[in-house]
Structure formats: structure tokens, C-alpha cells
Amino acid sequence: MRDIPQRILMGPGPSDVPPRVLAALARPTVGHLDPAFLDLMDGIRAKLQKVFRTANPFTMAMSGTGSAGMETVLANLIEPGDTALICVKGVFGGRMVDVAERCGAVVERLDRPWGQTFDIHEVITAARRVRPAVVGIVHAETSTGAHQPLEGLGD
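The opening residue of the sequence shown carries number 2 in the working numbering; numbering runs sequentially from there.
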């Protein structure tokens, strides 16, 4: 490992780890049932609840890839036969369609050429027309570098 050169990682992941994170990783491991760990997770839950504006006691941090998170969300929100409106503008929007279909959703696609973003009013209009149980849209489509503005979508 000592022969591995230092590099600046500029891709979608993995990314460079800040020195303070590396220092934290060098500290002793804390068990998942340790009271200090449980307190830490309670603090993380409270912050996630604030970010997502929820009091849901089942709010939790999840360790995994972005795709694992997306699959977890869809598997918990979609019932077989539900309609899902999925916005596709790259690899991960397409993956969302696949996961939603595997969960039993009837998928209505809203497509853009890869790398382009959606006008938020177009998404709102489609949601009003389709009346889906779930709307899926990728905020940061790393396959193309497209950053999707979301302001106004949840209003």
C-alpha cells in the first residue's frame, strides 16, 4: 500500500477523503450496541428528520450505494399496481425505472435526452395528469453530469 501514489480523485466516486475523516477512522472502533454509538445514531436521525421535515420514528441513515438507497426507497413506497412517474435523463433514471417495475409499479416515463434536465413545471404537469403514487427524479445524474433543479417540485 505504501507504493500507491497520492491522487486527486475527480470522478463521481470514490472521492478523496478529508484528513479529519481519515483521523476519525484511525480512532478505536465502537460497537453497534455501544451506548455512545446509539447516541450518535439518535443524533443523526434527528438531523435527518429535520432535513426531510418528518417526525417519522423509522427515519434512519443507511450504509450503501446511491442505487441501494434508491432501491430501498422504492421497495418501501411502491405497492404492486401503483403508478410511478419516473423522469429519465441518464443511467440512474433508467435504473429507477427498472427497480420500480421490479417492485410491481406501472411506470409512466418522462424522458429527456441524456445530459439535459427537466423543466420542473413539465414534471408537475405530468404528475397532475398521471396522479402517481411515486414521482422519481435523479437530482445529480452522475452518468452525464446533469444537475436537476428541484425547487418547487414538492410545493
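Just so it is clear, CB atoms sit at the ideal spot from N, CA and C, and this is done for glycine as well. Model, not experiment: these values are computed from the prediction.
Under three-state DSSP, which class holds residue i?
i, result
"H148", "strand"
"R96", "helix"
"A24", "helix"
Which term fits residue i, buried or exposed, when burial requires 16 or more other beta carbons within 10 angstroms of its beta carbon?
i, result
"F93", "buried"
"G91", "buried"
"F53", "exposed"
"E72", "buried"
"F119", "buried"
For the candidate residues the options, whose alpha-carbon lies nearest to that of residue i?
i, options, result
"Q117", "A147, L41, T126 and N57", "A147"
"V100", "I125, V135 and A127", "V135"
"G12", "D43, E142, A24 and L151", "E142"
"L151", "N77, I45 and C88", "C88"
"A27", "V74, V18 and A69", "V18"
"L41", "A62, I9, P58 and D4", "A62"
Is the shortest distance between the beta-carbon of residue i and the beta-carbons of chain B less than 7 Å?
i, result
"V100", "Going by chain labels, chain B is absent from the structure shown, which holds only one protein chain."
If you follow the alpha helix (DSSP H) that residue i is part of, which residue opens it and which one closes it?
i, result
"V131", "I121 to V131"
Please list the terminal residues of the continuous beta strand (DSSP E) segment that includes residue i.
i, result
"L10", "Counting along the chain, L10 falls outside any beta strand (DSSP E), and DSSP gives it neither H nor E."
"C112", "Cys is not the amino acid found at residue 112; the sequence shown has Asp there. Run containing D112: V107 to D112, per the beta strand (DSSP E) assignment."
"V139", "That residue, V139, is in no beta strand (DSSP E); it is neither H nor E in DSSP."
> Which parts of the stretch 26 to 88 are runs of the beta strand (DSSP E), unbroken and 3 residues or longer, counting only runs that do not cross its ends?
Replying inline: none
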